[in-house]
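Scroll down for the structure; my scribbles are underneath it.
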Amino acid sequence: MTTRRQSLLQLAALAPMLAAPAAWGAAGKDEEGGETLKALAARKGLRFGNAIGTMNDKASRTHFNNPAYRALMARECGVLVAENESKWQALQPKPGPHDFRRADELFGWAKRQGMLIRGHCLVWQDPRWLPEWVTRHGFGANPAQEAERLLREHIAATCGHFGKDVYSYDVVNEAVNPGTGELIANALNEKMGALEQIDLSFRLAREHAPHAQLVYNDYMGPGKDSAKHRAGVLKLLAGLKARGTPVHALGLQSHIGAWGGAGDGEARARGLREWRAFLDEASGMGLDLLITEFDVSDRELPADIAQRDAAAAGIARDFLELTLSYPRCRDFLLWGLSDDVSWLQTWKDAKRRDGLPSRPCPYDAQLRAKPMRAAIADVLRTMPARAA
Numbered sequence: 001m002t003t004r005r006q007s008l009l010q011l012a013a014l015a016p017m018l019a020a021p022a023a024w025g026a027a028g029k030d031e032e033g034g035e036t037l038k039a040l041a042a043r044k045g046l047r048f049g050n051a052i053g054t055m056n057d058k059a060s061r062t063h064f065n066n067p068a069y070r071a072l073m074a075r076e077c078g079v080l081v082a083e084n085e086s087k088w089q090a091l092q093p094k095p096g097p098h099d100f101r102r103a104d105e106l107f108g109w110a111k112r113q114g115m116l117i118r119g120h121c122l123v124w125q126d127p128r129w130l131p132e133w134v135t136r137h138g139f140g141a142n143p144a145q146e147a148e149r150l151l152r153e154h155i156a157a158t159c160g161h162f163g164k165d166v167y168s169y170d171v172v173n174e175a176v177n178p179g180t181g182e183l184i185a186n187a188l189n190e191k192m193g194a195l196e197q198i199d200l201s202f203r204l205a206r207e208h209a210p211h212a213q214l215v216y217n218d219y220m221g222p223g224k225d226s227a228k229h230r231a232g233v234l235k236l237l238a239g240l241k242a243r244g245t246p247v248h249a250l251g252l253q254s255h256i257g258a259w260g261g262a263g264d265g266e267a268r269a270r271g272l273r274e275w276r277a278f279l280d281e282a283s284g285m286g287l288d289l290l291i292t293e294f295d296v297s298d299r300e301l302p303a304d305i306a307q308r309d310a311a312a313a314g315i316a317r318d319f320l321e322l323t324l325s326y327p328r329c330r331d332f333l334l335w336g337l338s339d340d341v342s343w344l345q346t347w348k349d350a351k352r353r354d355g356l357p358s359r360p361c362p363y364d365a366q367l368r369a370k371p372m373r374a375a376i377a378d379v380l381r382t383m384p385a386r387a388a
């Protein structure tokens, strides 16, 4: 996801698509003869995938047009999510009909590989990432009604176009201000109320995609710097559940790093304890969990590549061992398979101070497996199985 990071009914209707791993986790070998990540995950009832895009710009350093990268993704992944192509600002950059061509290119390829497809995201709450024309829209004499009309038309068009191809939607993305824990204001919810807009988004998603898993997605993470963010997300989720809003799961973006400082073992341990408490409370609401955008920032790690890769693999292992110990965590998606496609290469707040390229992914720029890939595979082998 191309945004700032400080660190991350009702399911019965989903059963036919979510229960059987055969299509999305068929057994396979990696290029060295070991099991693929999707096969390791599927054995325990977990869906494994990756984000990819077609928009070759600063915000999306994609390798979709690289046959070797596509082959790696097809081999290792059973789920595809579009990095940007199914977001509102990409589908409808100006008033008028939605343009689904880029998303259809990705999703068509995914279907030919036998992959499942996640939808990301119906509404991104940050005003910077709504379509600019929505922010500047003249809402007229009845602004609440007009805001509702825009929301209804967008969600109906998007869910109607993709139909049952999308098994899971990030309905609302990043609604909580990480610094305050309060809801973020935008042009829509300023007109109709923040909670009303979020509730309506989920209800419209259920109306137009009744088969789909409906997810609230955000980037809270371990560590003291994320405490208000975690609290705000839990407050939002509790309210959604209390109002009967059809939310099925919490998306854990999992853009993680050396929270508490590189090499500070006690801070890492404390952060993981806080993360466990957060996951306990969220799953205790009856919500499933998804790791939706995993990568590991190496901004605070040593320059030496061997040391840096080993440290990043250790951070990944600690986080994944804890998070995937929850059987309600049923999806694990990367936000890039190889280092060179990562958003962390270009996002100014994520760049390394020494100017070296970041190494946040399981494969390097030459598509060679790194220690992080081995750490992920080890965790997938040892995590508890999910219920069918």
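Numbering (full-length UniProt numbering), first residue to last: 1 to 388.
Glycine included, each C-beta is placed from N, C-alpha and C at the ideal position.
In this text, all values refer to a predicted model and were calculated from it rather than measured experimentally.
query                                                                                                                                 : result
Mind checking whether L91 and A82 have CB atoms under 8 Å apart?                                                                      : no
What residue does the beta strand (DSSP E) around Y69 start on, and which one ends it?                                                : Per DSSP, Y69 belongs to no beta strand (DSSP E); it is in the alpha helix (DSSP H), 67-76.
Quick one: using the 10 Å Cβ neighbour count with 16 as the cut-off for buried, is A242 buried or exposed?                            : exposed
P371 and T339 - do their beta-carbons sit closer together than 8 Å?                                                                   : First, the amino acid is wrong: residue 339 is Asp here, not Thr. The answer is no: Cβ separation not under 8 Å.
Rounded C-beta distance between L250 and L287? I'm assuming under 8 Å.                                                                : 5 Å
Rounded to a whole number of angstroms, what is the C-alpha to C-alpha distance between residue 412 and H229?                         : In the structure as shown, the chain starts at 1 and stops at 388, and residue 412 therefore has no counterpart that could be examined.
By Cβ distance, which residues of its chain are closer than 7 Å to D354, with the 5 residues on each side in sequence left out?       : A303
So is K111 buried or exposed if we call it buried at 16+ other beta carbons inside 10 Å?                                              : exposed
Nearest CA to the CA of I305: which residue from T323, D364, I198?                                                                    : D364
Is the distance from the Cβ of L200 to the Cβ of E148 below 8 Å?                                                                      : yes
Taking 8 Å as the threshold (C-beta atoms), are A209 and V166 in contact?                                                             : yes
Report the three-state DSSP secondary structure of D99 (helix, strand or coil).                                                       : coil
Could you check what DSSP says for H137 in three-state terms: helix, strand or coil?                                                  : coil
Strictly by DSSP, which residues pair up with H120?                                                                                   : D170
Relative to the alpha-carbon of T323, which residue among L337, P222, A387, L367 has its alpha-carbon at the smallest distance?       : P222
If you compare alpha carbons, which of D331, D349, A374 is closest to A385?                                                           : D331
In the DSSP assignment, what are the bridge partners of G251?                                                                         : N217, L290
If we count the other Cβ atoms within 10 Å of its Cβ and call it buried at 16 or more, is C356 buried or exposed?                     : Sequence inspection shows Leu at residue 356; the Cys mentioned does not correspond to that position. Answer is exposed; the Cβ neighbour count stays below 16.
Taking all protein chains shown into account, decide if N65 is buried (16 or more other Cβ within 10 angstroms of its Cβ) or exposed. : exposed
Note down the Cα distance separating L46 from M115, rounded to an integer number of angstroms.                                        : 14 Å
Throw me the rounded Cβ distance for the residue 394 and R75 pair, which I believe falls under 8 Å.                                   : Look at the range of the chain in this structure, 1 to 388, and you will see that residue 394 is not part of it.
If you follow the beta strand (DSSP E) that R47 is in, where does it begin and where does it stop?                                    : 47-52
Once you ignore the five residues that flank H137 on each side, which residues in its own chain have a CB closer than 6 Å to its CB?  : none
When you compare only the Cα positions, how much space is there between L234 and E281?                                                : 8 Å
Closest by CA to residue 403, which one among G108, Q253, W275, L320?                                                                 : Given a span of 1 to 388 for the chain in the structure shown, any question on residue 403 remains unanswerable.
Go through its chain and collect everything with a Cβ distance to M383's Cβ below 7 Å, but skip five positions before and after it.   : K44, L324, S325
Name the one or two DSSP bridge partners that S338 has.                                                                               : Y363
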